[in-house]
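Participant: Straight run, no breaks: the sequence shown in this note's numbering ends on number 400.
Sending over a structure as C-alpha cells; questions will come in a sec.
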Amino acid sequence: MALHFSATEYSKRFERLQTAMDERKLDCMLLFAPESMYWLTGYDTFGFCYFQCLVVKRSGEMVLLTRAPDLRQARHTSIIENIAVWTDREGADPTNDLHKLLGDLDLVGTRIGIEYDTVGLNGRHTRALDARLKAFGETQDASDLVTNLRMIKSGAEINQIRKAGELADDALDAAIALAGPGADEAEILSAMQSAVLSKGGDYPGNPFIIGSGKDALLCRYKSGRRKLSRNDQLTLEWAGVWAQYHAAMMRTIIIGKPTARHLELYEAASAALIEVRDTMVVGNTVSDMFAAHARVLDAAGLVRHRLNACGYSMGASFAPCWMDRPMIYDGNTTVIEKNMVLFLHMIIADSDTDTAMTLGQSYIATASGPQSVSRHEIDLIVR
C-alpha cells in the first residue's frame, strides 16, 4: 500500500473532519474533490475526470463509489476498505448508483454536505445529483469544509512541503545553469522537470510555465518554444512536488544586460514581496497581505501592470492546477494561522514596453513569522 502518512495521521484528520461535521450538524459528506479524498484517505488518482464520490458518514464509515479502473488504485493507495463500482454502459447515470448507495447506508432523511466547488463534479452530474437528492434528505453546499481543514498543515505535511521546496530549488538551479543567449526553452523546461522527477518527485498539478521575449509577460503555459536572444527576458513559474504536495516558485531571469525598466520593476517587485511576506503574520488576514502588495506596486505607478491577486495556498493538489485556497486578494478575510503555507507571487507585466518582472516564493506561517521553503534568495538573476 503506497501511503505517505501514518495511520495515526489519517486518524487525526478524520477526527478534525468529524468535529467540523458536528459543528454543521452533518450526518455525512459527499466528497468529490480529489484533494479531499487524498487528504483523508491517501486515495491517489486522476480518475476524478470521471464520476466518483467518497461517502463519509459522521460515524466513520466510508464508501468509495468509482469506476472499475480505479478499484485497484484505491486499494493500493488508500485506507478505503469499502469500494463500490458503477458500470460503464450506454446511458449510465452514476448518480443513480450513488442514490442507491446512500439508501443502503441508511442516510434517507439525513443532513448531507456536498462538495460542489471542484473539478471532480461536473455540471451535468451536479444537476442529476441534485434532482435525485431533492426528496432524499437535506443537502447543503459544504465545498469549503475539507478545504478549510487542509489549509492548516500538520507537521507531517510541512515535512512534505519542505521536501517539495528542495525540489523546486533544484529545478531553479537547473534553469540557471542553462539560461543564456542562444539557450533553448525546451532544454530549460526539460531540465527543470527532470530535476523534480529524477529525485522521486511528482508531476505538478499544472504544467510548468515558461516564456521569453514578449511571452515572458504571460503567466500561463502555452505550447511552442523559442531560443533566447542576446538580450532577453525569461519568465519561469514552477513547483517542486513531493507526495503530491507542491512548493511553487517564480522568477524572471534577465538574459544579457537588464534594461533600466527591468531594474525599476525588479526593485518594485522585491519591495512588494518583502512587504507582503512581512505581513504574513499569524492573526492578520490574507486581505492584509494583498493590501501590502497593492500599496507598494501602486505607489510605484504599476496599478495597470499588476494583478488582482498576489498568491494562494500550497498543499496537495491535482490537475488542472496547483492553486489552492485561500487566494490572496482584496476582501478575503481568511485569518492567517500557524502552519498555513502560502505562495507569494509578484507579477508585473508592462505591455507598454513589453517588459516582464516576476518574483515568487513559498512560505510557511510560524509563530515567529514566515519561513521560506527555498534556499534561494530573491535577488535578480542575470545570465
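Every residue gets a Cβ at the ideal spot worked out from N, C-alpha and C, and that includes glycine.
Because the structure is a prediction, the values reported are computed rather than measured.
Return the residue from the list I398, A373 and N356 that minimises the CA-CA distance to S389.
Facilitator: Nearest of I398, A373 and N356 to S389, Cα basis: N356.
Participant: For M46 and I129, what's the separation of their Cα atoms in angstroms?
Facilitator: 6 Å
Participant: What is the DSSP secondary structure of M46, counted as helix, strand or coil?
Facilitator: strand
Participant: So H279 and I271 are supposed to be a Cβ contact under 8 Å. How far apart are they, rounded?
Facilitator: 6 Å
Participant: Check each candidate in P337, A366 and D369 and name the one with the smallest Cα separation from G64.
Facilitator: The option with the nearest alpha carbon to G64 is P337.
Participant: Give a yes or no on whether 8 Å exceeds the smallest Cβ distance from N349 to chain B.
Facilitator: Of the protein chains in this structure there is only one, and it is not chain B.
Participant: Where do the ends of the beta strand (DSSP E) carrying A382 lie?
Facilitator: T372 to T383
Participant: Do the region 305-317 and the region 20-32 meet, that is, are 3 or more Cβ pairs less than 8 Å apart?
Facilitator: no
Participant: Ignore the nearest five residues each way along the sequence and tell me which others in A203's own chain have a CB closer than 8 Å to its CB.
Facilitator: R242
Participant: What are the boundary residues of the beta strand (DSSP E) that includes H322?
Facilitator: Taken as a continuous stretch (DSSP letters only), H322 belongs to no beta strand (DSSP E), as it is neither H nor E.
Participant: Tell me whether L433 sits in a helix, a strand or coil according to DSSP, three-state version.
Facilitator: Nothing can be reported for residue 433: it is not among the residues displayed for the chain, which extend from 18 to 400.
Participant: Quick one: what does DSSP say I131 is sitting in, helix, strand or coil?
Facilitator: It is a strand residue.
Participant: Classify D105 as helix, strand or coil using the three-state DSSP reduction.
Facilitator: Residue state for D105 is assigned as coil, using DSSP reduced to three classes.
Participant: Use the C-beta contact count for R268: other C-beta atoms within 10 angstroms, 16 or more gives buried, fewer gives exposed.
Facilitator: Burial call: buried.
Participant: Enumerate in chain order the residues of its own chain whose CB-to-CB distance from G332 is below 6 Å, with the five nearest sequence positions on each side excluded.
Facilitator: R167 and D341
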